[in-house]
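Protein chains in written order, with my numbering: chain Z, 1 to 283; chain V, 284 to 566. To start, the structure itself, in structure tokens.
Protein chains: 2
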Amino acid sequence: MSAHPRLSMNQATIKYATLDEALRVTREGGYASIGLWREPVQQLGLDEAARRLADSGLRMSSLCRGGFFTLPEGAARREALDDNRRAIDETAALASAGAPGSAAVLVLVAGGIPAGSTDLVGARGRVADALAQLAPYAASAGVTLAIEPLHPMYASDRAVVSTLKQALDLAEPFDADAVGVVVDTFHVWWDPEVFAQITRAGASGRIASYQVCDWQPPRPAYVLLGRHYPGDGVIDFPPLYRAVAAAGYTGDIEVEIFNADICSRDGEAVLTDVIERFRTHVG
Amino acid sequence: MSAHPRLSMNQATIKYATLDEALRVTREGGYASIGLWREPVQQLGLDEAARRLADSGLRMSSLCRGGFFTLPEGAARREALDDNRRAIDETAALASAGAPGSAAVLVLVAGGIPAGSTDLVGARGRVADALAQLAPYAASAGVTLAIEPLHPMYASDRAVVSTLKQALDLAEPFDADAVGVVVDTFHVWWDPEVFAQITRAGASGRIASYQVCDWQPPRPAYVLLGRHYPGDGVIDFPPLYRAVAAAGYTGDIEVEIFNADICSRDGEAVLTDVIERFRTHVG
Numbered sequence: 001m002s003a004h005p006r007l008s009m010n011q012a013t014i015k016y017a018t019l020d021e022a023l024r025v026t027r028e029g030g031y032a033s034i035g036l037w038r039e040p041v042q043q044l045g046l047d048e049a050a051r052r053l054a055d056s057g058l059r060m061s062s063l064c065r066g067g068f069f070t071l072p073e074g075a076a077r078r079e080a081l082d083d084n085r086r087a088i089d090e091t092a093a094l095a096s097a098g099a100p101g102s103a104a105v106l107v108l109v110a111g112g113i114p115a116g117s118t119d120l121v122g123a124r125g126r127v128a129d130a131l132a133q134l135a136p137y138a139a140s141a142g143v144t145l146a147i148e149p150l151h152p153m154y155a156s157d158r159a160v161v162s163t164l165k166q167a168l169d170l171a172e173p174f175d176a177d178a179v180g181v182v183v184d185t186f187h188v189w190w191d192p193e194v195f196a197q198i199t200r201a202g203a204s205g206r207i208a209s210y211q212v213c214d215w216q217p218p219r220p221a222y223v224l225l226g227r228h229y230p231g232d233g234v235i236d237f238p239p240l241y242r243a244v245a246a247a248g249y250t251g252d253i254e255v256e257i258f259n260a261d262i263c264s265r266d267g268e269a270v271l272t273d274v275i276e277r278f279r280t281h282v283g
Numbered sequence: 284m285s286a287h288p289r290l291s292m293n294q295a296t297i298k299y300a301t302l303d304e305a306l307r308v309t310r311e312g313g314y315a316s317i318g319l320w321r322e323p324v325q326q327l328g329l330d331e332a333a334r335r336l337a338d339s340g341l342r343m344s345s346l347c348r349g350g351f352f353t354l355p356e357g358a359a360r361r362e363a364l365d366d367n368r369r370a371i372d373e374t375a376a377l378a379s380a381g382a383p384g385s386a387a388v389l390v391l392v393a394g395g396i397p398a399g400s401t402d403l404v405g406a407r408g409r410v411a412d413a414l415a416q417l418a419p420y421a422a423s424a425g426v427t428l429a430i431e432p433l434h435p436m437y438a439s440d441r442a443v444v445s446t447l448k449q450a451l452d453l454a455e456p457f458d459a460d461a462v463g464v465v466v467d468t469f470h471v472w473w474d475p476e477v478f479a480q481i482t483r484a485g486a487s488g489r490i491a492s493y494q495v496c497d498w499q500p501p502r503p504a505y506v507l508l509g510r511h512y513p514g515d516g517v518i519d520f521p522p523l524y525r526a527v528a529a530a531g532y533t534g535d536i537e538v539e540i541f542n543a544d545i546c547s548r549d550g551e552a553v554l555t556d557v558i559e560r561f562r563t564h565v566g
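Okay, here's the thing in structure tokens:
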């Protein structure tokens, strides 16, 4: 079975695989593109990971992830910003090594409210400060920082950026090449403003990544793993697809599913399922 | 210990209590107001429940709940609307029986996306249709329908109304006496627009109820029970309190906590805790 030409397999969907294994099953599964995560890249070392990506012939659609910008001033915050500079370097190197059409896009998760704090407003302000510090570095590396709003159920512990509007407000002071946004159906499907904000993102060329997976009630016990194959939940994908296309996004479309059942299955079977689900439900 | 004069105990916080028991512990706990639920009222019958509320000397701050407006046309939808008319009648009767200052406010939960559907937009449209059918009935009964936006994590299965902005948009076609909104800190704290929308609600006199409880990470396995005492989580209550006050809301403030540990505790102890937490964190 051959995949939709813009379909990309986010590595987290088959997360027990090493980078080598993920590249192999993705290529053999008929995909032309993969979304990478930093940890498996770092296990091999950046240079070696870049060589193997080049050898695979796959495009890289994004690198996950930087961010975690909400810590107050101090050593831990400085280390987080340094780590983001390394992530920018990794993104540039991998995008150069991947097949033509690779995207030098670093996905950013804003970070939650620091332990013991109730200062949501302050935490959001520190996200804006971190972007201002990193955007010039990203621009000079040719990398786009892609702010990913996460569903509001993660607002306390993972991402104080909860809506596409917020992400676009944060991106607005910067060139669109340096700071964009991620549209992930799982995180934004519920938002009454989602179509208006996708249109707004298109007008400023800010959509750096489009990611799809489904939302299925009831929610599972472990909040991070409740993502589903497109078609297994409540999300109406075609209007979102059309909106993102109308907004000018022509890049790869990542399927990123965190789901304990899917993660523990055979990678090849998952890749085949995703091709079929994508064809039926997403495009 | 005596309670803040505007503090109201929502009966769900001590939900294993019968109406009699809830009225008794609330009054003896030093509260002047209680938020009631329909089921314990119906167990006694409306007339008897109204007599016992009158005997208690307590105010009623709201009745939970009506709504569930997202079903498509058919018998089940007509039955849901009839049930809402009964809920309006109950609200009027109980508010008359309660002590002066009782609020004839019926809390509405919009309802989720019907099983098997992905039509979020259609479901939202049916909420608006139901309000249009019920608002005249509520107005003639002197009851305010109070739309409660629920946190977006409930958008699929409980409430397709997720933000205060959405609730206010739905309320706007109607007189503020007939259709208002509930501001519940648990549901709206994460919203970047929350302060602007509270101000907007104030300008049109739409805040029919203010409810408080806290949000604590990590989220529990059962998504409906993850509410906490004010002060145990990430919500910054004083700015919300000030915003609601500046918006002109002078009614009772309900503490509504769904939490398995708290529910299974002795009611008197919970009421005492809430008085202290309210004094320290909310006002």
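Just so you know, even glycine gets a beta-carbon here, dropped at the ideal spot from N, CA and C.
Under 9 Å by beta carbon: chain V residues contacting residue i
i, result
"W215 (chain Z)", "A438, S439"
"I113 (chain Z)", "P500, V517"
Status (buried if at least 16 other CB within 10 Å, exposed otherwise) for residue i
i, result
"V464 (chain V)", "buried"
"V105 (chain Z)", "buried"
"D55 (chain Z)", "exposed"
"Y493 (chain V)", "buried"
"E79 (chain Z)", "exposed"
"E254 (chain Z)", "buried"
"A103 (chain Z)", "buried"
"Q42 (chain Z)", "exposed"
"R342 (chain V)", "buried"
"V410 (chain V)", "buried"
"A358 (chain V)", "exposed"
"R510 (chain V)", "buried"
"A203 (chain Z)", "exposed"
"A398 (chain V)", "exposed"
"Q133 (chain Z)", "exposed"
"V404 (chain V)", "exposed"
"D567 (chain V)", "No answer is possible for residue 567 (chain V): it lies beyond the span of chain V, which begins at 284 and ends at 566."
"S62 (chain Z)", "buried"
"A529 (chain V)", "exposed"
"Y299 (chain V)", "exposed"
"G350 (chain V)", "buried"
"I191 (chain Z)", "Rather than Ile, the amino acid found at residue 191 (chain Z) in this sequence is Asp. By the neighbour-count rule (16 or more Cβ atoms within 10 Å), D191 (chain Z) is buried."
"R38 (chain Z)", "buried"
"E48 (chain Z)", "exposed"
Nearest residue (CA-CA) to residue i, options the options
i, options, result
"Y512 (chain V)", "V:T533, V:R562, V:I490", "V:R562"
"T285 (chain Z)", "Z:Q11, Z:G29, Z:T18, Z:G283", "The shown model of chain Z, from 1 to 283, leaves out residue 285 (chain Z), and the question about it has no answer."
"A479 (chain V)", "V:D544, V:R510, V:L447", "V:L447"
"E356 (chain V)", "V:A552, V:L336, V:G408", "V:G408"
"L414 (chain V)", "V:G405, V:L391, V:L403, V:P432", "V:L391"
"N259 (chain Z)", "Z:R206, Z:S8, Z:Q216", "Z:Q216"
"T467 (chain V)", "V:A491, V:D452, V:D460, V:G485", "Correcting the residue identity first, residue 467 (chain V) is Asp in this sequence and not Thr. Minimum Cα distance to D467 (chain V) is reached at V:A491."
"M9 (chain Z)", "Z:A22, Z:Y16, Z:T18", "Z:A22"
"A167 (chain Z)", "Z:T91, Z:R85, Z:A146", "Z:A146"
"A99 (chain Z)", "Z:E48, Z:I34, Z:S162, Z:D191", "Z:I34"
"A461 (chain V)", "V:T353, V:S285, V:G425, V:C546", "V:G425"
"P521 (chain V)", "V:R560, V:V553, V:Y420, V:A552", "V:R560"
"A320 (chain Z)", "Z:A159, Z:T144, Z:D232", "Since the displayed chain Z opens at 1 and closes at 283, residue 320 (chain Z) lies outside it and no answer follows."
Bounding residues of the beta strand (DSSP E) (the contiguous stretch that carries residue i)
i, result
"T446 (chain V)", "Note, T446 (chain V): premise wrong, no beta strand (DSSP E); not H, not E."
"R342 (chain V)", "342-350"
"S33 (chain Z)", "33-37"
"Y210 (chain Z)", "207-212"
"N10 (chain Z)", "7-10"
"D224 (chain V)", "A query on residue 224 (chain V) cannot be resolved here, the shown segment of chain V reaching from 284 to 566 and no further."
"I430 (chain V)", "427-430"
Terminal residues of the alpha helix (DSSP H) in which residue i lies
i, result
"V244 (chain Z)", "237-246"
"V553 (chain V)", "550-560"
"E48 (chain Z)", "46-56"
"L417 (chain V)", "403-424"
Neighbourhood of residue i by C-beta distance below 8 Å, restricted to the same chain and skipping five residues each side
i, result
"D157 (chain Z)", "G112, I113"
"P5 (chain Z)", "A32"
Interface partners of residue i on chain Z, CB under 7 Å
i, result
"T401 (chain V)", "V234, I235, D236"
Chain Z residues whose Cβ lies nearer than 9 Å to that of residue i
i, result
"H434 (chain V)", "P152, M153"
Beta-carbon proximity list for residue i, same chain, < 6 Å, skipping 5 on both sides
i, result
"G534 (chain V)", "A386"
"V557 (chain V)", "V538"
"I257 (chain Z)", "T13, C213, R227"
Partners in chain V for residue i, counting only beta-carbon separations shorter than 8 Å
i, result
"P136 (chain Z)", "Per Cβ cutoff of 8 Å: no residues; P136 (chain Z) is ~26 Å from chain V at best."
Per-residue contacts from residue i into chain V (C-beta, under 7 Å)
i, result
"T163 (chain Z)", "P475"
"Q166 (chain Z)", "P475"
7 Å CB neighbourhood of residue i in its chain, flanking five on each side removed
i, result
"A459 (chain V)", "S487, G488, R489"
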